[in-house]
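In the working numbering, the protein residues as written are 51 to 195. The structure appears below as structure tokens.
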């Protein structure tokens with residue numbers, strides 16, 4: 051991020067059947083570690099090379115971090131995550147994009163995992179997240195869906 055441009059490094063695939071999804075991606079060859087049993091039906095992360103985060107989230111969980119999530123959008127939808135250099139950059143870019151007429155799905159807020167987070171729709175309606183670096187001092191316990 052030395053030149054100030056956003057860097058693509060995260061994709062959240064919203065899924066209807068977590069176990070089927072995990073089984074498929076494991077069969078494909080991805081490593082998906084076990085997680086806290088309370089969360090296993092709502093959030094899983096695949097171990098990926100190159101600094102890319104590939105997360106699988108239940109429809110219910112997606113609604114907790116993106117109030118604009120439309121479950122009717124069907125399979126094949128998710129959230130393209132772009133990390134930015136600073137917390138205020140999330141707010142600035144969200145304002146610029148929504149000010150230019152793009153639809154906001156989730157206004158900027160301090161997410162439970164410690165990042166500043168917002169979601170806008172691209173011209174085709176794909177969800178695009180703006181994510182600041184994590185500040186461990188801003189973490190809070192998540193609420194199960």
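Yeah, the Cβ is synthetic: ideal placement off N, Cα and C, and Gly gets one too.
- A straight line joining the alpha-carbon of residue 143 with that of residue 184 spans about 17 Å.
- Residue 140: member of the alpha helix (DSSP H) spanning 137-149, first to last residue.
- A distance below 6 Å between beta-carbons, with the five flanking residues on each side excluded, links residue 131 to the following residues of its chain, in chain order: 60, 179, 181.
- CA-to-CA, the gap between residue 149 and residue 140 works out to about 14 Å.
- By the criterion of a C-beta distance shorter than 8 Å, residue 76 is surrounded in its chain by 82, once the five residues flanking it on both sides are discounted.
- For residue 76, the enclosing alpha helix (DSSP H) covers residues 68-78.
- Inter-segment contact for the stretch 99-108 and the stretch 54-69 is present: three or more beta-carbon pairs are separated by less than 8 Å.
- Residue 133 counts as buried, since at least 16 other C-beta atoms from the protein chains shown sit within 10 angstroms of its C-beta.
- One Cα belongs to residue 117, the other to residue 194, and the distance between them is close to 15 Å.
- For residue 112, the enclosing alpha helix (DSSP H) covers residues 109-115.
- Inclusion of residue 167 and residue 158 in the CB contact set at 8 Å is warranted, their separation being smaller than that value.
- Pairing residue 79 with residue 72, the inter-Cα distance amounts to about 11 Å.
- Assignment of residue 157 by DSSP, reduced to helix, strand and coil, places it in the strand class.
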